[in-house]
Structure formats: structure tokens, C-alpha cells
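Residue numbers (full-length UniProt numbering): 1 to 222.
We put the beta carbon where it would ideally sit given N, CA and C, even for glycine.
On a predicted model such as this, the values are computed, not experimentally measured, just so you know.
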């Protein structure tokens, strides 16, 4: 162990001497450098500039005018109709034009011919029928059910036909199929006539005309 400690101490001393020598050489080099002006401080400032890439663009030649297309002319050929004149009858007799004689009274006074009256124009016919303005189901409700029919528990279906004037209002009601109860039939015509409104029928002359409408009301106990 004593040998190992002595050997390591000797090596440590040699290392310290070598380090000291290196430090001395470095100090001498620095000192001589400053003394001789070897070290120069650069004070110039570099400025970075951005130079864009400029690409020259050659101007384009203007487009050459295109010749306008000439309109195409189309000819329509009308077929010639050929016909043959019949032979002229040389024996045909040309008669003189006869002027009608207006009768007179004999005293030199002309009597005007009687003019028959022109016939009256035929009546216009309906080209479009009358149509309801509102839903027919809204014309009669459960509140219109006759009290006597409710008490007697009467039910049925009343079929009717309405006459519609040019103003679209009901001008008449006809029962075409009875429900079997007079009060139900009467209530049908009364309520429908009062509440129904129509777009009037249209005649062949384009004017509003008289029309008709047929329907039915089914009475069911509420």
C-alpha cells in the first residue's frame, strides 16, 4: 500500500507542472497578440437586404378580330299548283242582269219593302258550373239539429239541389231525396240557403250565368 500511495503522488505532481506550463504559454500568447495588434475588432455592420425576383413579362399581342359569320340564307320554295282550265263553252248564253222592281202604290209613291226582323240570338249556355266558395261541410253543424228530431231520435240523409244566381247566392232549394223527416229536410234547405256562397257559373259569352249545385246532408244524432 505504501508503494501505491507514493507512485500516485509522484504522478499528480507531474500533472500539475504540465498544467502550469500550458497556462503560462497561453498567457504569453494572449499578451503578445494584444501588443502586436493581431486581434482586430470588426465594426462593420452587415445589413441584410431582400431583393425580389423580378421576372420581366412580355406584353401579349391583342387577339386578332375574327371574321363575322355570314348569315345563312334559306329559301323556302312554294310548290307550284298546276291546274288546267276547262274548255270554254262557245254556246253559253250571257243573260242580262235583271234589276228588281220595287212595287208602288200607283200614285207615284214608292213603297218601302218590308224588312223581316232579325232572329233573336240563341241563349247562352253554361261552360263552367257554379262552385262553392267554402267547404260544404261547414254549412250545417250539430247545433242545427232540430230539437224535435233529437227527442224522437230521428236520423237520415237529405239530398238537395240549389239554384245559384249570377251573383253566387242561393235563389232556391229543392229536396231531391227526403231523409224521412220533414223537419230534417226543412232544416237542410234553410241552413244551406243561408250559409252557402258560390262562384257563379260562366256562360258561353264569358259572363256570369245562372247555375245549380247538388249535395246531401247526413243527419246523425250528436
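Per DSSP, residue 193 is one residue of the alpha helix (DSSP H) stretching across 182 to 195.
In the structure shown, residue 132 falls within a strand segment according to DSSP collapsed to helix, strand and coil. DSSP places residue 159 inside the beta strand (DSSP E), whose first and last residues are 156 to 164. Assignment of residue 152 by DSSP, reduced to helix, strand and coil, places it in the coil class. Nearest neighbour of residue 178 by Cα position, chosen from 141, 164, 219 and 168, turns out to be 219. For the 8 Å CB-CB criterion, residue 193 and residue 156 do not form a contact. By the Cβ test, the stretch 199 to 211 is not in contact with the stretch 146 to 154, since fewer than three Cβ pairs between them sit closer than 8 Å. With a 10 Å radius around the Cβ and a threshold of 16 neighbouring Cβ atoms, residue 142 comes out exposed.
Rounded to the nearest whole angstrom, the C-alpha separation of residue 207 and residue 144 is 36 Å.
The beta-bridge partner set that DSSP reports for residue 211 consists of 164.
Beta bridge pairing from DSSP links residue 202 with 128 and 208. By the Cβ-count criterion, residue 185 is buried, with 16 or more other Cβ atoms from all chains shown falling within 10 Å of its own Cβ.
Considering only 222, 21 and 171, the residue with the shortest C-alpha distance to residue 154 is 222.
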